[in-house]
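Each remark here refers to the structure printed beneath this line.
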Amino acid sequence: MTQLTFLGAEPTASDRQPRPLSPAVRAGDFVYVSGQVPVDAQGHIVDGGIEAQTRQVFANLEAALALAGATLADVCKTNVWLEDARDFGAFNRVYMGYFPGGKPARSTVESRLMIPAKVEVDVVAYRPVG
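Read left to right, the sequence shown gives residues 0 to 129 (numbering that gives the first Met the number 0).
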């Protein structure tokens, strides 16, 4: 049986209420990162359009992956939610810069998000233990 390791503290948003999730969970050789939104260290949504928000999301993804000793190079799957499909091209321009080598499998949908942000991304990484 695979043991789960819950990584990181429950995030706290700008309302100072903890969220009922782990930033990342290790399940054997796989690392599952919760959906990351464009919030700064204080829990505030970053200013700027889709490009600035995408860069913040990726900074947050990198921090969550680091909890498991993983990096974006270990990512094998991404799931992307865009608040507005018209942002798809601008999102892709930023996204491509984070995966210059192998491109992970990806799903992208247009969806209203739980906060007033333009983008949310979660990832699955493969990083063998040990």
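Glycine included, C-beta positions come from ideal geometry on N, C-alpha and C.
Note that the structure is predicted; figures quoted are calculated from it, not measured.
- Bridge pairing for residue 124: 30, 74 [DSSP].
- Closest in alpha carbon position to residue 16, among 62, 41, 29, 26, is 41.
- Using a 10 angstroms sphere on the CB of residue 91, the tally of other CB atoms stays under 16, which defines it as exposed.
- Apart from sequence neighbours up to five positions away, the residues of its chain that approach residue 97 with a beta-carbon distance below 8 Å are 57, 71, ordered along the chain.
- The Cβ atoms of residue 53 and residue 89 lie closer than 9 Å to each other.
- The beta-bridge partner set that DSSP reports for residue 92 is empty.
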